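Undergrad: Input: one structure, supplied below.
2 protein chains.
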Amino acid sequence: MLNVVSFDEAIRITKNEFSFFDPGTEILSITECTGRVTAKDIVSRENIPPFDRSTVDGYAVLSSDTFGASEGIPSMLSVKGEILMGEEAKGFIRSGECIKISTGGMLPAGADSVVMVEYTEKMIDETCLIFKAVSPFQNVTKAGDDVKTGQKIISKGTLLTSKHVGILCALGINEVECVRKIKVGIISSGDEIVPVQKDIPFGKIRDINSHFLSALMKEKGCDALEYGIVKDNIDELYDTLQKAADECDVIMISGGSSAGNKDMTCDVIEKNGKVYYHGIAVKPGKPTIFGKLNNKAVFGLPGHPAAAYLIAKTVVTELIRFFSGETGKDFTLTAEITESISSNHGREELVPVIFENGKAQPLFFKSGLVSLLSTADGYIIVPRNKEGLLKNETVTVHLF
Amino acid sequence: MLNVVSFDEAIRITKNEFSFFDPGTEILSITECTGRVTAKDIVSRENIPPFDRSTVDGYAVLSSDTFGASEGIPSMLSVKGEILMGEEAKGFIRSGECIKISTGGMLPAGADSVVMVEYTEKMIDETCLIFKAVSPFQNVTKAGDDVKTGQKIISKGTLLTSKHVGILCALGINEVECVRKIKVGIISSGDEIVPVQKDIPFGKIRDINSHFLSALMKEKGCDALEYGIVKDNIDELYDTLQKAADECDVIMISGGSSAGNKDMTCDVIEKNGKVYYHGIAVKPGKPTIFGKLNNKAVFGLPGHPAAAYLIAKTVVTELIRFFSGETGKDFTLTAEITESISSNHGREELVPVIFENGKAQPLFFKSGLVSLLSTADGYIIVPRNKEGLLKNETVTVHLF
Numbered sequence: 008m009l010n011v012v013s014f015d016e017a018i019r020i021t022k023n024e025f026s027f028f029d030p031g032t033e034i035l036s037i038t039e040c041t042g043r044v045t046a047k048d049i050v051s052r053e054n055i056p057p058f059d060r061s062t063v064d065g066y067a068v069l070s071s072d073t074f075g076a077s078e079g080i081p082s083m084l085s086v087k088g089e090i091l092m093g094e095e096a097k098g099f100i101r102s103g104e105c106i107k108i109s110t111g112g113m114l115p116a117g118a119d120s121v122v123m124v125e126y127t128e129k130m131i132d133e134t135c136l137i138f139k140a141v142s143p144f145q146n147v148t149k150a151g152d153d154v155k156t157g158q159k160i161i162s163k164g165t166l167l168t169s170k171h172v173g174i175l176c177a178l179g180i181n182e183v184e185c186v187r188k189i190k191v192g193i194i195s196s197g198d199e200i201v202p203v204q205k206d207i208p209f210g211k212i213r214d215i216n217s218h219f220l221s222a223l224m225k226e227k228g229c230d231a232l233e234y235g236i237v238k239d240n241i242d243e244l245y246d247t248l249q250k251a252a253d254e255c256d257v258i259m260i261s262g263g264s265s266a267g268n269k270d271m272t273c274d275v276i277e278k279n280g281k282v283y284y285h286g287i288a289v290k291p292g293k294p295t296i297f298g299k300l301n302n303k304a305v306f307g308l309p310g311h312p313a314a315a316y317l318i319a320k321t322v323v324t325e326l327i328r329f330f331s332g333e334t335g336k337d338f339t340l341t342a343e344i345t346e347s348i349s350s351n352h353g354r355e356e357l358v359p360v361i362f363e364n365g366k367a368q369p370l371f372f373k374s375g376l377v378s379l380l381s382t383a384d385g386y387i388i389v390p391r392n393k394e395g396l397l398k399n400e401t402v403t404v405h406l407f
Numbered sequence: 008m009l010n011v012v013s014f015d016e017a018i019r020i021t022k023n024e025f026s027f028f029d030p031g032t033e034i035l036s037i038t039e040c041t042g043r044v045t046a047k048d049i050v051s052r053e054n055i056p057p058f059d060r061s062t063v064d065g066y067a068v069l070s071s072d073t074f075g076a077s078e079g080i081p082s083m084l085s086v087k088g089e090i091l092m093g094e095e096a097k098g099f100i101r102s103g104e105c106i107k108i109s110t111g112g113m114l115p116a117g118a119d120s121v122v123m124v125e126y127t128e129k130m131i132d133e134t135c136l137i138f139k140a141v142s143p144f145q146n147v148t149k150a151g152d153d154v155k156t157g158q159k160i161i162s163k164g165t166l167l168t169s170k171h172v173g174i175l176c177a178l179g180i181n182e183v184e185c186v187r188k189i190k191v192g193i194i195s196s197g198d199e200i201v202p203v204q205k206d207i208p209f210g211k212i213r214d215i216n217s218h219f220l221s222a223l224m225k226e227k228g229c230d231a232l233e234y235g236i237v238k239d240n241i242d243e244l245y246d247t248l249q250k251a252a253d254e255c256d257v258i259m260i261s262g263g264s265s266a267g268n269k270d271m272t273c274d275v276i277e278k279n280g281k282v283y284y285h286g287i288a289v290k291p292g293k294p295t296i297f298g299k300l301n302n303k304a305v306f307g308l309p310g311h312p313a314a315a316y317l318i319a320k321t322v323v324t325e326l327i328r329f330f331s332g333e334t335g336k337d338f339t340l341t342a343e344i345t346e347s348i349s350s351n352h353g354r355e356e357l358v359p360v361i362f363e364n365g366k367a368q369p370l371f372f373k374s375g376l377v378s379l380l381s382t383a384d385g386y387i388i389v390p391r392n393k394e395g396l397l398k399n400e401t402v403t404v405h406l407f
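So the protein sequences, as listed, match chains A and B.
Be aware that the first sequence starts at 8, since it is given in my numbering, and climbs by one per residue.
Be aware that the second sequence starts at 8, since it is given in my numbering, and climbs by one per residue.
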């Protein structure tokens, strides 16, 4: 009955079964687009800068007119006027001519470079002495040096952050087509679960997972829909799951700790759908279920909050990144661990760590610890083909 | 007239001048508190677990009754009933007695340990044979093992994220006192600045900085208030700045690129306040102004978007963290640089980098590049006492 898969297989199967999924897109303004994933490559409609531009105050010249110029033997050019910054250069120059230009000014037709004002002397008769030669395009930023028309500036699948807003504004792009937010439904199940409140009856447990998982999904850029607490009743769970499947793309059911509860999640999925795996060879998080109902992804997560959080952070998040097509880098830290970790051969282990002074200090799960994750900075993965990690071994830390 | 300070001095002066500032606090529900900074230590009102709890199915016993028990010579105890998970243990045991208990069940008074069911045999006459000794508290999680009543679970100044939500829910804490959001006003100034739109008149520049800085401040957990574009008119700038100072805690004015513009920012601050520095020995970002008006912090930022962004990301963000009392770790990556960087002695340099395959590739500012930041993953700081960095030197990468 149980179909246990490895951690890597779980992620592969999860994506594979939803390769058909397309969340659709929406157009967002520049003030709404951060935290969202681009649906298409963004291409520039113009050059930055839009024209050849002087980077100094001086005289726009043909560089060939200055070749050989020196303090002793200056070139002598006739001044054809002046171009200010922000003014269109309507004039042009021929050999033997120059135009006065300010920093940021548009290079006039005919000119290919600018002599800094320090190396010139304007005479009373509107001629100008040039005391230093310039090479072609010296002291000039060419049109399109920064961005060229047609250039891809942001790739499809980019998670937009504030750092992208500058270039979008610079190019006059005030709307961006982004992937629709992935909708994640969250169901808590179990007769013993009660809402978060100060005083609870003996033997009852507060509903940790609804808010815990909802906060995580919001951080991942999803819409999180909470469906509350469902009793250990197969019809009630089935109805709630059907409703969630109508409204969401992904559903997470976090069950109570009883074994009967777990089976119920499988049963409700299989009533109208299919279960692909029931158990992942990973610690913690073994009793994870994954299935499909009405073409929506359904996860049955472990009841233990830390285990549910870590599986949501890894397997579920991988599916959500896959859905939104996000291709960004996942920044990780490299560190030595401060203590040895023993681990079971044949399964992955997710170990929360504190990152301090460049070292990773592993935190060990004892039965039922819920305070642990709040103090961790991230987690490391002990590979399934290792029996543990030695003190001072170098590990990759995935930050929370 | 110019009062140029070092990068470190700038940060020190900025905080020092606002040591009096208190943003106040507000009470937020568990679903609103992520992304916010705690205003007080959060202390547990209860134990987790709330009572001594069995971690196995078996018999609750006095460990001393089992000492010496073996397959050959079992201890014989009389069974005094059963305790189920979620049920209050009303009974108690004396020496010679035991109570059947399920995983998660509450240890009855008198018992100090649990013998796993595998090492027991219940006889027809309500006696039970114990074939293996247990030590005190074996197979028991003690009350408060995870969290104790009165224990500090989250410190004042913690930026709350999803990882903290679990422990708050577990303890029934559904409201948290957080620091009020810091309000940052953003003003663009310059006759040449126009709103972000597709087509703009020749010589005009789109207002990059309003949206760019606003997006950054929102990422830093602030309320960003945009005051639009102000012409190069000292009265108009003064009126807008006064309005922003009434409504915000921090104001950023990003000027046009003209020199006259910069002086105007100083003038309007000094009309009713004080300028503490005018220039930071840092590249880029030298023409940064900092002052106080109506007891609010006012920054005059460079007109160049990348420079304005980097100063906002460093100096302004440091002030905002100081205001909210945030004490969290600032995660940085350590990497070798792929190219040498030459730098001027006597000033800090902020160099954007791409982080790829564990290496940091520096991106060099050319005049006016605005596309550069969007491709960078973060930045490194070349210290003021170094004339540059050598290829393969190890650097600290601050992520964007």
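Just so you know, even glycine gets a beta-carbon here, dropped at the ideal spot from N, CA and C.
Everything numeric in this text was worked out from a predicted model, so none of it was measured.
Just to confirm the assignment, what range does the alpha helix (DSSP H) spanning His311/A have?
TA: Working through the first sequence from its first residue, we reach residue 311/A at position 304. From DSSP, His311/A is part of no alpha helix (DSSP H); its letter is neither H nor E.
Undergrad: Measure the Cβ-Cβ separation of Ser120/B and Val86/B and say whether it is below 9 Å.
TA: On the second sequence, position 113 is the one that residue 120/B refers to. On the second sequence, position 79 is the one that residue 86/B refers to. For Ser120/B and Val86/B, no; Cβs fall outside 9 Å.
Undergrad: Got a sec, what are the start and stop residues for the beta strand (DSSP E) Ser85/A sits in?
TA: For the purposes of this step, residue 85/A is taken as residue 78 along the first sequence, with counting starting at 1. Element bounds for Ser85/A: 82-90.
Undergrad: Which residues of chain A have a Cβ atom closer than 8 Å to the Cβ of Gln204/B, listed in chain order?
TA: Numbered from its first residue, the second sequence carries residue 204/B at position 197. Here the neighbours are Gly179, Asn181.
Undergrad: Inspect the beta-carbon positions of Ser109/A and Asp64/A and report whether they are closer than 9 Å.
TA: The residue labelled residue 109/A in the question sits at position 102 within the first sequence. The residue labelled residue 64/A in the question sits at position 57 within the first sequence. Yes.
Undergrad: Any idea if Asp242/B is buried or exposed, counting beta-carbon neighbours within 10 angstroms, 16 or more meaning buried?
TA: Against the second sequence, residue 242/B aligns to sequence position 235. It counts as exposed.
Undergrad: Count the other CB atoms, across all protein chains shown, that sit within 10 Å of the CB of Glu133/B; report buried if there are 16 or more and exposed otherwise.
TA: Mapped onto the second sequence, residue 133/B falls at position 126. Exposed is the call here.
Undergrad: Just the C-alpha distance for Thr295/A and Val124/B, rounded to the nearest angstrom, thanks.
TA: Here residue 295/A corresponds to residue number 288 of the first sequence, with the count starting at 1. Here residue 124/B corresponds to residue number 117 of the second sequence, with the count starting at 1. For Thr295/A and Val124/B, the distance between alpha carbons rounds to 27 Å.
Undergrad: In chain order, which continuous runs of the beta strand (DSSP E) of length 3 or greater are located wholly inside the stretch 362-388 of chain B?
TA: Here the runs fully enclosed are 366-369.
Undergrad: Flag Gly213/A as yes if its beta-carbon sits less than 9 Å from any beta-carbon of chain B, otherwise no.
TA: Looking up residue 213/A in the first sequence gives position 206. What sits at residue 213/A in the sequence shown is Arg, not Gly. It does; some Cβ of chain B falls within 9 Å.
Undergrad: I need the DSSP call for Cys185/A, collapsed to helix, strand or coil.
TA: Stepping through the first sequence from its first residue, residue 185/A is reached at position 178. Strand at Cys185/A.
Undergrad: Leu406/B and Thr339/B: beta carbons closer than 9 Å?
TA: In the second sequence, residue 406/B corresponds to position 399, counting from 1. In the second sequence, residue 339/B corresponds to position 332, counting from 1. Yes. Within cutoff.
Undergrad: Give the residues from the stretch 15-38 of chain A that approach chain B closer than 7 Å (Cβ to any Cβ), ordered along the chain.
TA: Those would be Ile37, Thr38, in chain order.
Undergrad: Quick check on the DSSP output: what are the complete alpha helix (DSSP H) runs of length 4 or more inside the stretch 210-241 of chain A, in order along the chain?
TA: Within the stretch 210-241 of chain A, the complete alpha helix (DSSP H) runs of at least 4 residues are 215-226.
Undergrad: Note down, in chain order, every chain B residue with its Cβ under 7 Å from the Cβ of Ala222/A.
TA: Counting from 1 along the first sequence, the entry for residue 222/A is found at position 215. Going along chain B in sequence order, the residues near Ala222/A (Cβ under 7 Å) are Thr41, Ser169, Val172.
Undergrad: Rounding to the nearest angstrom, what Cα-Cα distance links Val201/B and Pro312/B in this structure?
TA: What you label residue 201/B is simply residue 194 of the second sequence in a count that begins at 1. What you label residue 312/B is simply residue 305 of the second sequence in a count that begins at 1. So the alpha carbons of these two residues sit roughly 15 Å apart.
Undergrad: By the criterion of Cβ-Cβ separation under 8 Å, what are the contact partners of Asp384/B in chain A?
TA: Along the second sequence, one-based indexing puts residue 384/B at 377. In chain order: Lys336, Phe338.
Undergrad: At a Cβ cut of 8 Å, what residues of the stretch 72-93 of chain B count as close to chain A, listed as they run along the chain?
TA: Those would be Met92, Gly93, in chain order.
Undergrad: Helix, strand or coil: which one does DSSP assign to Met271/B?
TA: The residue labelled residue 271/B in the question sits at position 264 within the second sequence. Met271/B: helix per DSSP, three-state reduction.
Undergrad: Taking 9 Å as the CB-CB cut-off, is Tyr234/A touching chain B?
TA: Counting from 1 along the first sequence, the entry for residue 234/A is found at position 227. No, Tyr234/A does not count as interfacial toward chain B.
Undergrad: Going by C-alpha distance, which of Glu226/B, Lys139/B, Glu333/B is nearest Tyr126/B?
TA: Locating residue 126/B in the second sequence gives position 119, where the first residue counts as 1. Considering only alpha carbons, the answer is Lys139/B.
Undergrad: Give the residues of chain A in contact with Val377/B, contact being defined as C-beta atoms less than 7 Å apart.
TA: As a working mapping, residue 377/B is identified with position 370 in the second sequence. What Val377/B touches in chain A: Ile55, Asp153, Gly173, Ile174, Ala177.
Undergrad: When you compare the CB positions of Cys255/A and Leu232/A, do they come within less than 9 Å of one another, or not?
TA: As a first step, residue 255/A must be located in the first sequence, where it is residue number 248. As a first step, residue 232/A must be located in the first sequence, where it is residue number 225. Against a cut-off of 9 Å, the Cβ pair of Leu232/A and Cys255/A comes out as a contact.
Undergrad: Please name the residue, chosen from Asp214/B, Ser195/B, Gly210/B, that lies closest to Gln204/B on a Cα-to-Cα basis.
TA: Position 197 of the second sequence, counted from the start, is the residue given in the question as residue 204/B. Here the closest residue by C-alpha is Asp214/B.
Undergrad: Report the CB separation of Val360/A from Val404/A in whole angstroms; it is logged as a contact under 8 Å.
TA: In the first sequence, residue 360/A corresponds to position 353, counting from 1. In the first sequence, residue 404/A corresponds to position 397, counting from 1. At roughly 6 Å, the Cβ-Cβ gap stays under 8 Å, so Val360/A and Val404/A are in contact.
Undergrad: Would you kindly report the start and end of the unbroken alpha helix (DSSP H) that includes Lys170/B?
TA: As a position in the second sequence, residue 170/B is number 163, starting the count at 1. 169-177 is the span of the alpha helix (DSSP H), which, as asked, contains Lys170/B.
Undergrad: Please report the residue range of the beta strand (DSSP E) in which Leu35/A lies.
TA: Locating residue 35/A in the first sequence gives position 28, where the first residue counts as 1. Segment 32-36, the beta strand (DSSP E) holding Leu35/A.
Undergrad: Cβ atoms of Ser261/B and Gly307/B: under 9 Å apart, would you say?
TA: On the second sequence, position 300 is the one that residue 307/B refers to. On the second sequence, position 254 is the one that residue 261/B refers to. Contact flag set, yes.
Undergrad: Checking contacts by CB at 9 Å: is Gly292/A closer than that to chain B?
TA: If you number the first sequence from 1, residue 292/A lands on position 285. Not an interface residue.
Undergrad: Assuming Ile49/A contacts Ile180/A under a Cβ cut-off of 8 Å, what Cβ separation, rounded to an integer in Å, is found between them?
TA: Residue mapping note: residue 49/A aligns to position 42 of the first sequence, counting from 1. Residue mapping note: residue 180/A aligns to position 173 of the first sequence, counting from 1. That belief holds up - the Cβ atoms of Ile49/A and Ile180/A are roughly 7 Å apart, short of 8 Å.
Undergrad: Starting from Ile161/A, trace the alpha helix (DSSP H) in both directions and tell me its first and last residue.
TA: Along the first sequence, one-based indexing puts residue 161/A at 154. Looking at the DSSP string, Ile161/A is not in any alpha helix (DSSP H); the run it does join, the beta strand (DSSP E), is 159-161.
Undergrad: Check whether the stretch 162-180 of chain B and the stretch 380-392 of chain A are in contact - that is, three or more C-beta pairs closer than 8 Å.
TA: Yes, since at least three Cβ pairs between the stretch 162-180 of chain B and the stretch 380-392 of chain A fall closer than 8 Å, the two stretches touch.
Undergrad: In its own chain, which residues sit with a C-beta less than 7 Å from the C-beta of Phe28/A, not counting the 5 before and 5 after it?
TA: Within the first sequence, the letter at position 21 stands for residue 28/A. Cβ within range, chain order: Phe330.
Undergrad: So with CB distances below 9 Å, who are the chain B contacts of Pro312/A?
TA: Stepping through the first sequence from its first residue, residue 312/A is reached at position 305. What Pro312/A touches in chain B: Gly173, Ile174, Cys176, Ala177.
Undergrad: I want to see whether chain B comes within less than 9 Å of His405/A, judged by CB atoms only; does it?
TA: Taking the first sequence and counting its residues from 1, the one referred to as residue 405/A is at position 398. No, His405/A lies away from the interface with chain B (no Cβ there is under 9 Å from its Cβ).
Undergrad: Mind checking if Glu254/A is an interface residue toward chain B, Cβ cutoff 9 Å exclusive?
TA: Position 247 of the first sequence, counted from the first residue, corresponds to residue 254/A. Judged by the 9 Å Cβ criterion, Glu254/A is not in contact with chain B.
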